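Protein chains in written order, with this note's numbering: chain A, 75 to 400; chain B, 9 to 344.
Set out below in structure tokens:
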């Protein structure tokens with residue numbers, strides 16, 4: 075049984091309008107941030123969710139750990155539907171599902187020592203007394219590489235570098251010993267020279283706590299290094315899911331192909347062959363008809379504008395939503 | 009190859025409450041005409057400060073201590089009280105009015121964030137007309153508008169959209185507008201500070217293509233400031249690597265990627281993921297850069313360097329000729 079199953083999940087945010095607009099237009103508009111997404115994450119896997127900004131990947135991550143409520147659909151965690159649970163049940167669930175935010179500069183309270191920031195997770199869940207909480211926090215600090223822990227416990231976030239802050243963020247995520255962690259662009263704000271270190275830490279923590287990760291990233295080069303499988307999102311939908319190598323060497327969806335071609339490669343001799351799609355990602359308020367990508371797609375044909383392609387398994391373990399492969 | 013810009017022994021300091029930080033430390037660098045120089049380094053290495061110093065807009069409390077920034081001006085540039093004469097001029101000796109005459113006209117700067125660099129209260133077209141009128145006050149408004157439309161067309165933006173406001177443009181389009189504004193008066197030097205950092209990969213690739221097309225079309229000399237070595241691999245002719253305010257290595261792009269000389273450059277390249285080589289193990293540089301307010305003697309990379317020697321702790325290594333055809337500041341190459 076997969077650890078996480080997402081079934082046809084949607085999240086539509088209502089569009090804020092001015093007073094007069096609300097008076098004179100009857101229809102409410104929605105940003106379709108996540109619009110019918112289904113996928114599964116196996117236990118122990120690192121599943122990558124990649125795409126451009128506005129594709130809905132962060133919203134998807136937030137939905138799974140129930141930071142926001144889905145508009146429709148099912149989210150199964152170890153077989154149990156968690157899409158609508160509330161109250162105490164939800165709080166207990168959050169021990170097992172954690173989320174790390176992208177920006178380690180704003181996701182830590184500047185006036186809270188990092189020891190307290192991490193221990194807060196225990197306090198809020200009512201685990202242990204004060205001295206036990208401190209003891210566990212010290213252990214976690216050492217574990218995420220902030221050692222000696224006693225010298226870090228009372229420091230404030232501004233005294234740490236970006237990489238160290240990201241370690242605090244991971245410490246806070248694992249202190250409750252979760253099963254599943256969503257990491258939203260964990261290395262985007264960290265300098266290149268320490269990125270690999272953070273990725274290594276993620277791998278170590280995964281081994282030690284048998285974690286399953288959802289790795290959200292726009293950086294496909296990094297995703298290929300850490301993920302087992304990768305799903306590509308475009309305008310609130312998943313267009314392709316495959317093994318991390320196959321999605322690069324054997325990209326099927328035209329969007330994936332152009333995304334891969336656009337990645338900057340640290341090699342001046344590499345030449346770009348593929349033509350880039352024109353324009354930018356359209357508005358998720360009025361997405362195009364049929365296939366979302368058809369106005370930019372180099373291989374579009376009539377059917378693409380009329381009918382929305384379903385995500386289908388066209389090769390073994392390789393899913394794609396495109397009429398070219400019907 | 010004629011040089012367009014020469015920087016000699018430039019030092020810039022920021023006086024802060026925590027002490028004085030030397031953001032640019034004795035930097036010398038030259039830019040050849042019609043070439044793109046990439047300026048790379050991690051956050052806080054002084055690359056943006058160096059770029060901003062060329063247009064003399066180092067943000068407060070930064071102060072240019074010493075050095076020369078020599079620009080080879082290709083024509084006389086008139087200003088309110090006279091003319092900046094053509095030939096080699098030291099930008100650091102010009103007064104405010106003279107600098108203002110050069111900015112936009114001869115030196116253009118593209119700021120990092122296209123979302124906040126345009127005036128939200130003004131139509132796109134007006135941004136262009138303002139620049140033209142500021143430097144060429146005799147231009148009739150109609151001519152300025154025609155030039156604006158031509159420029160927008162060259163940037164793949166429909167000319168009708170001159171009447172739109174910035175919020176009606178997407179991030180990529182705003183960055184095109186910023187590039188267009190930079191090119192309006194066909195400057196001699198275009199400095200682009202992280203022009204694609206806030207953009208998505210596909211749009212980033214579009215913008216980089218556009219920049220290299222325009223470079224040929226306008227005969228541009230460019231300084232491209234970025235932390236992304238992948239971007240420089242595609243666009244730069246040569247690359248300068250900065251660390252803690254100092255130039256560590258300058259080399260032609262291919263040589264830099266093929267045989268990086270400085271241990272910092274080597275380590276940096278080892279930590280950049282290459283999507284085509286998933287099996288290559290990524291490495292990192294242990295530790296973090298020393299604080300700029302408490303600089304250490306000798307080479308600033310020494311505490312993190314795998315090849316550190318005794319001599320490294322004495323004096324900062326000078327830039328020496330390297331075998332890759334560039335220059336490198338490292339004692340490993342002394343006498344070789």
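Yeah, the Cβ is synthetic: ideal placement off N, Cα and C, and Gly gets one too. In this text the structure is predicted, and so the values were computed from the model without any measurement.
Could you tell me how far apart the beta carbons of residue i and residue j are, in whole angstroms, since I believe they sit closer than 8 angstroms?
i: residue 255 of chain A; j: residue 272 of chain A; result: Not quite, the Cβ-Cβ distance comes to about 13 angstroms (not below 8 angstroms), so this is no contact.
i: residue 174 of chain A; j: residue 257 of chain A; result: 5 angstroms
i: residue 99 of chain B; j: residue 132 of chain B; result: Rounded, the Cβ-Cβ distance is 30 angstroms, inconsistent with contact.
i: residue 85 of chain A; j: residue 112 of chain A; result: Wrong, their Cβ atoms sit about 14 angstroms apart, outside the cutoff.
i: residue 237 of chain B; j: residue 340 of chain A; result: 5 angstroms
i: residue 47 of chain B; j: residue 232 of chain B; result: 7 angstroms
i: residue 170 of chain A; j: residue 253 of chain A; result: 5 angstroms
i: residue 159 of chain B; j: residue 188 of chain B; result: 5 angstroms
i: residue 115 of chain A; j: residue 142 of chain A; result: In fact, because the Cβ distance is near 19 angstroms, the residues do not count as touching under 8 angstroms.
i: residue 250 of chain A; j: residue 199 of chain A; result: 6 angstroms
i: residue 260 of chain B; j: residue 279 of chain B; result: So it is not a contact: roughly 22 angstroms between Cβ atoms.
Quick one: which chain A residues come within Cβ less than 9 angstroms of residue i?
i: residue 51 of chain B; result: 236, 265
i: residue 178 of chain B; result: 353, 354, 355
In terms of alpha-carbon separation, which member of the options lies closest to residue i?
i: residue 304 of chain B; options: B:29, B:206, B:37; result: B:29
i: residue 22 of chain B; options: B:264, B:58, B:266; result: B:58
i: residue 349 of chain A; options: A:373, A:277, A:363; result: A:373
i: residue 103 of chain B; options: B:129, B:64, B:127; result: B:64
i: residue 243 of chain B; options: A:344, A:128, A:300, A:208; result: A:344
i: residue 62 of chain B; options: B:87, B:50, B:118; result: B:118
i: residue 336 of chain A; options: B:299, B:325, B:204; result: B:204
i: residue 112 of chain B; options: B:214, B:18, B:195; result: B:195
i: residue 231 of chain A; options: A:291, A:188, A:355, A:91; result: A:188
i: residue 182 of chain B; options: B:289, B:121, B:159; result: B:121
i: residue 241 of chain A; options: A:225, A:233, A:275; result: A:275
i: residue 129 of chain A; options: A:357, A:391, A:400; result: A:357
i: residue 125 of chain B; options: B:177, B:164, B:90, B:167; result: B:177
i: residue 248 of chain A; options: A:119, A:393, A:218; result: A:218
i: residue 352 of chain A; options: B:217, B:301, B:68, B:286; result: B:217
At a CB-CB cut-off below 7 angstroms, which residues of chain A make contact with residue i?
i: residue 119 of chain B; result: Under the 7 angstroms cutoff, chain A gives no residues; its nearest Cβ is about 19 angstroms from residue 119 of chain B.
i: residue 168 of chain B; result: Under the 7 angstroms cutoff, chain A gives no residues; its nearest Cβ is about 16 angstroms from residue 168 of chain B.
Run the CB neighbour count on residue i, radius 10 Å, all protein chains shown included, and call it buried at 16 or more, exposed below.
i: residue 163 of chain A; result: exposed
i: residue 210 of chain A; result: buried
i: residue 270 of chain A; result: buried
i: residue 366 of chain A; result: buried
i: residue 251 of chain B; result: buried
i: residue 325 of chain A; result: buried
i: residue 130 of chain B; result: exposed
i: residue 32 of chain B; result: buried
i: residue 154 of chain A; result: exposed
i: residue 389 of chain A; result: exposed
i: residue 269 of chain B; result: buried
i: residue 214 of chain B; result: buried
i: residue 405 of chain A; result: Chain A is shown only over 75 to 400; residue 405 of chain A falls outside these bounds and no answer can be derived.
Report the neighbours of residue i on chain A: residues whose CB is nearer than 8 angstroms to its CB, in chain order.
i: residue 282 of chain B; result: 295, 339, 340, 341
Looking at the secondary structure, which residues open and close the alpha helix (DSSP H) in which residue i lies?
i: residue 106 of chain B; result: 104 to 110
i: residue 314 of chain A; result: That residue, residue 314 of chain A, is in no alpha helix (DSSP H); its beta strand (DSSP E) goes 311 to 317.
i: residue 272 of chain B; result: 271 to 278
i: residue 281 of chain A; result: 266 to 283
i: residue 158 of chain B; result: 149 to 162
i: residue 260 of chain B; result: Note, residue 260 of chain B: premise wrong, no alpha helix (DSSP H); beta strand (DSSP E) at 254 to 260.
i: residue 131 of chain A; result: 131 to 138
i: residue 182 of chain B; result: 179 to 191
i: residue 244 of chain A; result: 236 to 248
i: residue 214 of chain B; result: 209 to 226
i: residue 19 of chain B; result: First-last for residue 19 of chain B: 11 to 24, but that is the beta strand (DSSP E), not the alpha helix (DSSP H).
i: residue 330 of chain A; result: 328 to 336
i: residue 95 of chain A; result: 93 to 98
For the beta strand (DSSP E) holding residue i, just list the boundary residues, first then last.
i: residue 203 of chain A; result: Element bounds for residue 203 of chain A: n/a, residue is neither H nor E.
i: residue 114 of chain A; result: 104 to 115
i: residue 246 of chain B; result: 246 to 251
i: residue 88 of chain A; result: 78 to 88
i: residue 308 of chain A; result: 303 to 308
How would you list, in chain order, the residues of chain B whose beta-carbon sits under 9 angstroms from the beta-carbon of residue i?
i: residue 336 of chain A; result: 208, 209, 210, 211, 212, 213, 214
i: residue 292 of chain A; result: 208, 209
i: residue 181 of chain A; result: Result: empty, since nearest Cβ-Cβ is about 18 angstroms, beyond 9 angstroms.
Show which residues of chain B have a CB atom less than 7 angstroms away from the CB atom of residue i.
i: residue 271 of chain A; result: 292
i: residue 205 of chain A; result: The premise fails here: residue 205 of chain A is roughly 32 angstroms from chain B at the closest Cβ pair, so nothing lies under 7 angstroms.
i: residue 319 of chain A; result: 286
Can you pull the chain B residues whose beta carbon is under 8 angstroms from the beta carbon of residue i, in chain order?
i: residue 299 of chain A; result: 281, 286, 290
i: residue 351 of chain A; result: 210
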